[in-house]
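Input: a single structure, listed below in structure tokens.
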Amino acid sequence: MNAASIRTSLARRLGALVVLVALVALVGCGASKGMGTVAPSKDPKADFLGTWTAVSVSDKDLGDLTLEDMTGLGIYFRITLVEDGTGTIDLAGDVEDLKWSLKDDTTVLINDSETAASSLELKDGKLVGDEDGTKMVFEKGDLVKEDMPKGGGSTDDKASEAVDYLIADDELATIRMTEVFVDFTGDPGFVVNFKNNSDKSLRIWSQSESFSINGEMREPIGLFELTKPGTYVDCKAFYDGAEVGHELASLKDISGKIELMDEDYDVLRTYDFSYSYGAKG
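All you need for the numbering used here is the position in the sequence shown, starting with 1, plus 107.
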């Protein structure tokens, strides 16, 4: 893959990674090099209040990314903690509310729903989360600059075809596969249109360990979205072309399950997904 392809792949993978922060407990046990130790305040909460920006991510699959790397890909991750125990998580403009509390004087528990709380530890003036090979370091302040590079180059797909595959249509959601493509990096994928028919916000998510392609267990990357009542969104999912092939015909015998969830990640419905490029009917 060329440099542009690598950067695009990293952007997608990082996007999936930080969305999952609400589902995976990040236990703060990593150290980071700081600018010096911050003396504890009289009120322990005071050290945590304000906006924090992710300045580095270290991951066994992504490698090491700095803030400059992330913003160059058009990605940033911020959390804001307010004194009353509320706040927000902001992933490149996708903002969700959170609740937070102190576990002790140096550890904050963050939860954006009723799932297990994420844990970040205050070390050398930074918030650090570390779990299973993934480490995120946050520094205090809104460090995302408007003039930071946002990447460049053509992002036109190499190939695409319209399809019409109805996955689900009920009182909660209409889910339809509308397109298959090979993007400019050579990664094949598909577009799923997700319409929320209910009066509450809903999510779709590819059920973990349910998807296979051409007889091999592989999860599509990016098959998750949130919609508000009465709205729709196009969800663009893809596979790594280096692993499955770089053609539309690589999208053979894809099967799995798509979960429909509420805002708290409780599963409401599960739908079967089955598609094979070039198949009749």
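Positions of the beta carbon are idealized from the N, C-alpha and C atoms, including for glycine.
Report the three-state DSSP secondary structure of E323 (helix, strand or coil).
strand
Just tell me which of T292, S308, S315, G385 has its CA closest to the CA of K368.
Lys is not the amino acid found at residue 368; the sequence shown has Met there. Closest option to M368, Cα to Cα, is S308.
What would DSSP say about S261, mapped onto helix, strand or coil?
Reliability of the predicted coordinates at S261 is poor, the pLDDT of 45 falling under 50, and the value obtained from them is presented with this limitation in mind. Judged by DSSP in its simplified three-state form, S261 adopts coil rather than helix or strand.
Could you tell me the alpha carbon to alpha carbon distance between K345 and P151, rounded to whole angstroms?
Residue identity differs from the one stated: residue 345 is Phe in this sequence, not Lys. If you take the alpha carbons of F345 and P151, they lie about 44 Å apart.
At the level of alpha carbons, what is the spacing between T334 and T160?
For the pair T334 and T160, the Cα-to-Cα distance works out to about 25 Å.
Just mark V202 as buried or exposed, buried being the case when its beta carbon has 16 or more other beta carbons within 10 Å.
exposed
Can you confirm whether the stretch 283-292 touches the stretch 340-357 when touching is taken to mean that 3 or more C-beta pairs between the two stretches lie within less than 8 Å?
yes
For the pair the stretch 201-217 and the stretch 262-277, tell me if three or more CB-CB distances fall below 8 Å.
Segments in contact, no.
What does a CB cutoff of less than 6 Å around E370 pick up in its chain, not counting 5 residues either side in sequence?
S308
Can you tell which of G170, L229, M177 has its C-alpha closest to the C-alpha of A155?
One detail in the question is off: residue 155 reads as Phe in this sequence, not Ala. If we check each option's Cα against that of F155, L229 comes out closest.
Do you know how far the Cα of D277 is from the Cα of W312?
17 Å
In chain order, what residues of the same chain lie with their CB nearer than 6 Å to the CB of L172, ignoring the 5 residues before and after it?
V164
Grab the span of the beta strand (DSSP E) containing G348 for me, first residue to last.
Element bounds for G348: not the beta strand (DSSP E) but the alpha helix (DSSP H), 348-351.
If you follow the beta strand (DSSP E) that F291 is part of, which residue opens it and which one closes it?
F291 -> no beta strand (DSSP E), and no H or E assigned at all.
Who pairs with T285 in a beta bridge, going by DSSP?
Under DSSP, no beta-bridge partner is assigned to T285.
Closest to T377 by C-alpha separation, out of Q314, T338, T158, K206, would be which residue?
Q314
Measuring alpha carbon to alpha carbon, tell me which residue in N321, R325, K242, I186 is nearest K167.
Looking from the CA of K167, the closest CA among N321, R325, K242, I186 belongs to K242.
Alpha carbons only, please: which of G329, P336, D294, G363 is nearest the one belonging to E323?
G363
Write down the C-beta distance between I400 and G194 rounded to the nearest angstrom, noting that I regard them as a contact closer than 8 Å.
Because the chain spans 108 through 388 in this model, residue 400 falls outside it and cannot be assessed.
From the DSSP output, which residues share a beta bridge with N304?
The partner list for N304 (beta bridge, DSSP) is empty, contrary to what the question assumes.
Quick check: L198 and P295, are their CB atoms within less than 7 Å of each other?
no
When burial is assigned at 16 or more other CB atoms within 10 Å of the CB, is D290 buried or exposed?
buried
Assuming the contact rule is C-beta atoms closer than 8 Å, T178 and V251 should be a hit. Round their C-beta distance to whole Å, please.
That pair is a contact at about 6 Å.
In three-state DSSP terms, what is S313?
DSSP places S313 in strand when its eight states are reduced to three.
Give me the Cβ distance between E332 and F380, rounded to the nearest whole Å; I'm assuming they're in contact under 8 Å.
Not really, about 14 Å apart at Cβ, beyond 8 Å.
Rounded to whole angstroms, what is the Cα-Cα separation between D204 and G170?
29 Å
Which word fits D373, buried or exposed, when buried means at least 16 other C-beta atoms lie within 10 angstroms of its C-beta?
exposed
Which residues bound the beta strand (DSSP E) around S165?
157-166
Please find out if some non-hydrogen atom of the ligand SAH comes closer than 6 Å to the beta-carbon of A161.
No copy of the ligand SAH occurs in the structure displayed, which carries no ligand at all.
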